[in-house]
Structures are given as C-alpha cells and as structure tokens.
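Peer 1:
Number of protein chains: 2
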Amino acid sequence: MILLKGKYVRDSIIDSVKDYIDVGIDKIGIVLATDDKSAVIYANSQIKMFRKYGIIVDFFNPDPFVKEVNILNKIDEWNENANVYGIMILAPMYKHIDRTHIVDRIDDIKDIEGIKKINLGKLMIGEEAPCPPTAVAAIEILKFYDITIEGKNVVIAGRSVIVGKPLSMLLLRYNKMGNATVTVCHSKTENINEVIGKADIFFSAIGKPGFFKASTLKNNAIYIDIGINVVKENGETKIVGDILPDELEHLYAYTPVPGGVGAVTNAILLKNYVESKKRANIHCK
Amino acid sequence: MILLKGKYVRDSIIDSVKDYIDVGIDKIGIVLATDDKSAVIYANSQIKMFRKYGIIVDFFNPDPFVKEVNILNKIDEWNENANVYGIMILAPMYKHIDRTHIVDRIDDIKDIEGIKKINLGKLMIGEEAPCPPTAVAAIEILKFYDITIEGKNVVIAGRSVIVGKPLSMLLLRYNKMGNATVTVCHSKTENINEVIGKADIFFSAIGKPGFFKASTLKNNAIYIDIGINVVKENGETKIVGDILPDELEHLYAYTPVPGGVGAVTNAILLKNYVESKKRANIHCK
Numbered sequence: 156m157i158l159l160k161g162k163y164v165r166d167s168i169i170d171s172v173k174d175y176i177d178v179g180i181d182k183i184g185i186v187l188a189t190d191d192k193s194a195v196i197y198a199n200s201q202i203k204m205f206r207k208y209g210i211i212v213d214f215f216n217p218d219p220f221v222k223e224v225n226i227l228n229k230i231d232e233w234n235e236n237a238n239v240y241g242i243m244i245l246a247p248m249y250k251h252i253d254r255t256h257i258v259d260r261i262d263d264i265k266d267i268e269g270i271k272k273i274n275l276g277k278l279m280i281g282e283e284a285p286c287p288p289t290a291v292a293a294i295e296i297l298k299f300y301d302i303t304i305e306g307k308n309v310v311i312a313g314r315s316v317i318v319g320k321p322l323s324m325l326l327l328r329y330n331k332m333g334n335a336t337v338t339v340c341h342s343k344t345e346n347i348n349e350v351i352g353k354a355d356i357f358f359s360a361i362g363k364p365g366f367f368k369a370s371t372l373k374n375n376a377i378y379i380d381i382g383i384n385v386v387k388e389n390g391e392t393k394i395v396g397d398i399l400p401d402e403l404e405h406l407y408a409y410t411p412v413p414g415g416v417g418a419v420t421n422a423i424l425l426k427n428y429v430e431s432k433k434r435a436n437i438h439c440k
Numbered sequence: 156m157i158l159l160k161g162k163y164v165r166d167s168i169i170d171s172v173k174d175y176i177d178v179g180i181d182k183i184g185i186v187l188a189t190d191d192k193s194a195v196i197y198a199n200s201q202i203k204m205f206r207k208y209g210i211i212v213d214f215f216n217p218d219p220f221v222k223e224v225n226i227l228n229k230i231d232e233w234n235e236n237a238n239v240y241g242i243m244i245l246a247p248m249y250k251h252i253d254r255t256h257i258v259d260r261i262d263d264i265k266d267i268e269g270i271k272k273i274n275l276g277k278l279m280i281g282e283e284a285p286c287p288p289t290a291v292a293a294i295e296i297l298k299f300y301d302i303t304i305e306g307k308n309v310v311i312a313g314r315s316v317i318v319g320k321p322l323s324m325l326l327l328r329y330n331k332m333g334n335a336t337v338t339v340c341h342s343k344t345e346n347i348n349e350v351i352g353k354a355d356i357f358f359s360a361i362g363k364p365g366f367f368k369a370s371t372l373k374n375n376a377i378y379i380d381i382g383i384n385v386v387k388e389n390g391e392t393k394i395v396g397d398i399l400p401d402e403l404e405h406l407y408a409y410t411p412v413p414g415g416v417g418a419v420t421n422a423i424l425l426k427n428y429v430e431s432k433k434r435a436n437i438h439c440k
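In order, the protein sequence lines correspond to chains Z and C. Under this note's numbering, think of the first position of the first sequence as 156, with each following residue one higher. Under this note's numbering, think of the first position of the second sequence as 156, with each following residue one higher.
1) Helix, strand or coil for Ala360/Z? Go by DSSP, reduced to three states.
2) Would you kindly work out how many angstroms separate the C-alpha atoms of Phe358/Z and Tyr329/Z, rounded to a whole number?
3) Going by C-alpha to C-alpha distance, which of Asn346/C, Leu275/C, Asn334/C, Ile185/C sits closest to Asp231/C?
4) Could you list which residues in chain C have their beta carbon closer than 7 Å to that of Glu345/Z, in chain order?
5) Given a cut-off of 8 Å on the beta-carbon distance, is the pair Ile377/C and Tyr409/C in contact?
6) Using alpha carbons as the reference points, say which of Met204/C, Val221/C, Ala237/C lies closest to Ile437/C.
7) Where does Lys440/C fall in DSSP's three states?
8) For Thr371/Z, collect the residues of the same chain with a Cβ closer than 7 Å to its Cβ; drop the 5 residues on either side in sequence, then sort them by chain order.
9) For Lys440/Z, count the other beta carbons within 10 Å of its own beta carbon; 16 or more makes it buried, fewer makes it exposed. Which is it?
10) Counting only runs of 4+ residues fully inside the segment 317–351 of chain Z, write out the alpha helix (DSSP H) ranges in chain order.
11) Measuring CA to CA, which of Met204/Z, Ala418/Z, Ile252/Z is closest to Glu223/Z?
12) Tell me which residue opens and which closes the beta strand (DSSP E) that Val412/C is part of.
13) May I have the straight-line CA-CA distance separating Phe214/Z from Asp266/Z, to the nearest angstrom?
14) Give me the chain C residues within the contact set of Cys340/Z, using Cβ-Cβ distance strictly less than 7 Å, ordered along the chain.
15) Quick test of your reading: Leu278/Z and Met243/Z, contact by CB under 8 Å. State the CB separation rounded to the nearest angstrom.
16) Around the C-beta of Thr289/C, are 16 or more other C-beta atoms found within 10 angstroms, so that it is buried, or is it exposed?
17) With distances taken Cα to Cα, identify the nearest neighbour of Phe205/C among Pro217/C, Tyr240/C, Lys250/C.
18) For Leu275/Z, return the contacting residues in chain C, with the cut-off set at a CB-CB distance below 7 Å.
19) Please report the residue range of the beta strand (DSSP E) in which Gly184/Z lies.
20) To which residues of the same chain is Gly269/Z closer than 6 Å at the C-beta, ignoring the five residues directly before and after it?
21) Quick check on Ser200/C - is its C-beta less than 8 Å from some C-beta in chain Z?
22) Nearest to Ala101/Z by CA position, among Ile311/Z, Ile294/Z, Ala246/Z, Ile257/Z, is which residue?
23) What span of residues does the beta strand (DSSP E) with Met243/C cover, start to end?
24) Could you pull the start and end residues of the alpha helix (DSSP H) that Ala290/Z belongs to?
25) By DSSP's criteria, Asp213/C is part of a beta bridge. Which residues make up the other side?
26) Which residues in chain Z have a C-beta closer than 9 Å to the C-beta of Leu327/C? List them in chain order.
27) Apart from the five residues just before and just after Val339/Z, which ones in its own chain have a Cβ nearer than 7 Å to its Cβ?
28) Can you pull the chain Z neighbours of Val291/C, defined as C-beta to C-beta under 9 Å?
29) Can you find a C-beta in chain Z that's less than 8 Å from the C-beta of Lys272/C?
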C-alpha cells in the first residue's frame, strides 16, 4: 500500500521549472476582490509561493466598492506588461462584479488557472493550453509514482468546471496518463457507492468531509482525494478530505489530506506560469 | 419496446424554427475544400436542406490548389455579411490546408457546428452556445419521446470532439436531460461489453458497423445509435449503425439506422442556424 505523498511530487515539479524564472523581474497579477476568509487565506498562500521563487506579485485587493471597470483596467495593464506572465482572479468576488467579464479579459496565454473558455475548449480538443492546476495535480501524483492510467476504470466524483470536468477531459487524452474509461458521478448519481466500488482509480472532488469511505473501494484500488475541507473536531480546526480513511490495507495506493493533491496544486500553478512564459517568448520570436 | 424514429423529432424541431427564416434573404456559407466522396455527398445533403427552407447557400468549393488565405478571405467576407448567420467548414480538407486556422476564423456566433474552441469551452462551463448538432440530436430524440436522463447510468462509446466529448458535457448539465452518471468508453476500454451491459442508456459513436450487439444491453435499456456506416452486402450498398440489432424485445427503446439520429442532426443544424440568427439580432439591438 503506497502513500502518495504530495511533497516529493511538488519538489520534483518545482525543480523542473524554477530555473526558468528571472528572479526579481518576472511578475504575476493576482486579483482578490472579496473579503471571504478562505479566499484571503488562499491568496496569502499563493502570494507566498510565488514570492518564494522570486516572482514579483502585483496584488490587487480593492475595497468592496470597486467598480468592474477598475478591475478590467488592471487586467488590461497586466495583459500589456511583458513581464507579467500570469494572471489569477481569485474566487469568489464581490457580488456586484461579474467574474466572467473579468476572466474573459485575461490574455489567453496569461490565464495560468486554465479557466478561460478558450483554454477549456483547447483542453477538450487536445490542443496545448494552460489547464486547471488541481486537475493536473491529481494526475501528476500518479505519474510521479509510476502509476499509468491507460485502460483503467476511473471514477470521478464531482463535475465542477475547475476539477471534475477538466479532469475527465485530461483522462480521455490519447496517452499513457489518459486513455482511461472515465465515469463522472455526482449528487444525482444513484447507488454512488456501487459506482465507486468498481473504480480502479477513484478521484473525489466534491468538497464534503469524509463523504466517501475508503472501505467502499475494491481491493488494489487507488484513491486520489482532491477535497480540502476545514472541519472542527473537539474544538480544534483541521483539514480533511472527501474520503474517510477508515480502511487502507486493501488499497494499492492513496493520497493523504493534507499533504496530497493540495501540496502539488501550487507547484502546477508555478509550472503553468513558466509554461505561459515559454509560450509568450515563442510568440515574440 | 419503443422505436425512436427520427423523422417526427426532425419535423417537430423544424416546425419550431422555420418561421424565423427570412426566405430568400438569409444566407449560409459552406466550405467544401476536398474531393472526398463522402464529404461531397454530405455537402449536397446540407445544401439541399438549407435551400428547402429558403436559406441561400453560398457554396465555396475551391479546386485542390486553393491557398489557405483564399479560404480565410471567404470566411472574413461571410463574417462581415449581416445576412450570413451560419458558416460550415466540411471535413476533411485538402491536406495543405490547416482546418484549425479556418475554423478559428469563423465568427463565434456563426459557428453553427459548435466546433470552435470558444464554443466547446462555453459548453463545458454551461454558457449558452452553439453545440455540435449530432450530440444535441442524440439527446433531442430522448426528449421528444419523454425519456428523462437525470440520474440514469449513461454510457457513451467514442470520445471524438464532435460527438463523444460534447455529448458527455451535455449529459452532465444540471437539468432533467442532464444530471446523468456519465461513462465514456473507447478502444482502450477493457471489457467494454461489460461496461455497456450496465448502461440504462447507451450512446454509440465509434463509426464501426455492428461493432456492438443489442443483446449485450440489459433489460429495459435504451440505445441511441449515432454511427452511420456505409457497408456493402451482397453487392448492395447500405447504411448501418454501430449496433447490431440482433435482439430488441428486451429493450425499452432504441433508434434505427438509418432513420434515427441521422434524421435529426440536420434539423439541429437548422435550429443552430436560427439560434445564431436570434443571437446576432440581440447583439444588434
């Protein structure tokens, strides 16, 4: 039974990209237009990570009365700035802001979260594009541990635009880390535990603490827990996944939470940043 | 056991859209840049259909030495023409032409085949957009016959960008004709008949004559055969589906080939045309 720790995957990815960064020159634009506490925590972790690798963070954190046009102007400024290779728009946003308008304004190449429609379309047709980091991270963990996906019966719980759907498209690609038989299930799925019980590899991204049980999975199955849920237990706050690790011995491998997919996601974001930089430089030549 | 005939579905769809056409004024641009015989046959059927409902067909059928730029110029001309509400680029194209370049050039709204990346991205995030007609047709047949999809175990064979993938996204939408548990299987799927044998609704779009057998499906299952395969039998040419109808009594419903999905696809293309016209007129106001 293999514990699929995220940190080695993260380190390996970061090692492969960090030399492409021009420290103190390369920039990223991050918009945080909300006072949502989780978003603030997430923003801080992103900022810290980018700074750690020498990327200058241009952090735009407007007050609650900001106009959409001010955010759009900021995006335009970043789009035109040749040192800005990535732009991130953290969710949620103040209710009077239409996030779609903001996201649509990002230069296609600078969309390092892979959330623009054009980039999701590219993912669907198999054209190179930035892909949503969490979905990529879930696959990269398996790749790092030499677990191929081809021909496997893969089940994904959750159909969000940032994880479930792009992950299904990645798993259908024509390569060893794709070519899976892909089932997407969700809140409307009947007998969901029966579906999951047949998975060779099970990915969960529903955001419900301990909703599934590891014991439901078949012998030699693998689970990748994408859920990051904050819960209170005996007065203490802790982070748990979507899957309750009630029985692990029968599994082939699984990711812990925390320390699994979450640890890799930021590294993929950095990788997307560097790939965006490479693309931008190709375009310039 | 219900025979899901396409013609009633087709007629109903056409009835719902034909009054929006300004006969003899509305135009469509169709590019056929190939001498592939099936493409020529398909083009003729499209042209006939659009003309039947009063749409002027601007048919661009260049010789094999045409330059990409000439096709692009034609697309630009159609993009700028306010009477052209739809543009179709038939596949395949002469080998020296990059079809992606041509498709990318189409105005987003006029892409009535829903093959532009931006429109596939919109489909993925659930934003209104033209969708690939064959995928839509497969669902419209079920809708016409009052068969809901929500909560069903749906299996799709085939992962093409024009059918399998967009169909999977449509079936995951949050409504009665979506909300399905969706499995996509393909040539790399192990024990494919076992997977199919569990489907409540089975869609096949692999383009292999009689590859699957109706007898493989479980009791009360439904199959929607999207395959249109030309075969020779005893010297005669005929059209068959992907599914061999070797046993039908145990099924709840199924589509014949020919006369099933194929009959509806053209109607959806006409519907997409009319919706494109409506969108264009909203944009003008």
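Note that the Cβ used here is the ideal one computed from N, Cα and C, for glycine as well. These figures come from a predicted structure and were not determined experimentally.
Peer 2: Walking through what the data contain:
1) coil
2) 19 Å
3) Ile185/C
4) Gly306
5) yes
6) Ala237/C
7) Caution applies to Lys440/C, whose pLDDT of 47 falls short of 50 and renders its modelled position unreliable; the value that the coordinates give is listed next. Coil, per DSSP.
8) Asn348, Ile351, Gly352
9) Reliability of the predicted coordinates at Lys440/Z is poor, the pLDDT of 46 falling under 50, and no value is obtained from them.
10) 319–326, 347–351
11) Ile252/Z
12) Segment: none, Val412/C is in no beta strand (DSSP E) and carries neither H nor E.
13) 16 Å
14) Thr336
15) At roughly 18 Å, the Cβ-Cβ gap does not stay under 8 Å, so Leu278/Z and Met243/Z are not in contact.
16) buried
17) Tyr240/C
18) Gly276, Met279, Ile280
19) 182–186
20) Pro285, Cys286, Pro287
21) no
22) Residue 101/Z is absent from the structure shown; chain Z starts at 156 and stops at 440.
23) 239–244
24) 288–299
25) Gly184/C
26) Arg314, Gly319, Lys320, Ser323, Val339, His341
27) Ile311, Arg314, Gly319, Ser323
28) Neighbours of Val291/C on chain Z: none; closest Cβ ~16 Å, over 9 Å.
29) yes
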